[in-house]
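Asks:
In this note's numbering, the protein residues as written are 212 to 295.
1) Just reading off the alpha helix (DSSP H) that residue 216 is part of, what are its end residues?
2) If distances are taken between C-alpha atoms only, which option among 217, 224, 219 comes closest to residue 261?
3) Leaving aside the five residues before and after residue 269 along the sequence, list all residues of the same chain whose C-beta is less than 7 Å from its C-beta, in chain order.
4) So, residue 273 versus residue 230, is the Cβ gap smaller than 8 Å?
5) Please report the distance separating the alpha-carbon of residue 265 from that of residue 248.
6) At which residues does the alpha helix (DSSP H) containing residue 260 begin and terminate?
7) Mind checking whether residue 234 and residue 256 have CB atoms under 8 Å apart?
8) Terminal residues of the continuous alpha helix (DSSP H) containing residue 272?
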């Protein structure tokens, strides 16, 4: 992708694109049926988005993904975090 595009996104959102790309890469082969993996991803997304996630919300997200088979991607978790 165009480096200028990433710089614009970083400037507008304050989110480091390298962190997002690293997270996306780590999600490709992750086991989303494993609770610890899902919790680590949630915490990383919260850190990148600079949005703290309460324990209750983290538990709800984990249950939704692990038990209910919800698709896991950055937008899914970000949307759940923003619904606080």
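No residue lacks a Cβ here, since even glycine has one placed at the ideal position from N, Cα and C.
Replies: With the given structure in hand:
1) 214-224 is the extent of the alpha helix (DSSP H) around residue 216.
2) 224 is the residue among 217, 224, 219 whose C-alpha sits nearest the C-alpha of residue 261.
3) 250, 253.
4) One thing to note: residue 273 has its Cβ no nearer than 8 Å to the Cβ of residue 230.
5) Rounded to whole angstroms, residue 265 and residue 248 show a C-alpha spacing of 18 Å.
6) In the DSSP assignment, residue 260 falls within the alpha helix (DSSP H) that extends over 246-260.
7) It is a contact, given that the beta carbons lie within the stated cut-off.
8) Unbroken alpha helix (DSSP H) run through residue 272: 266-273.
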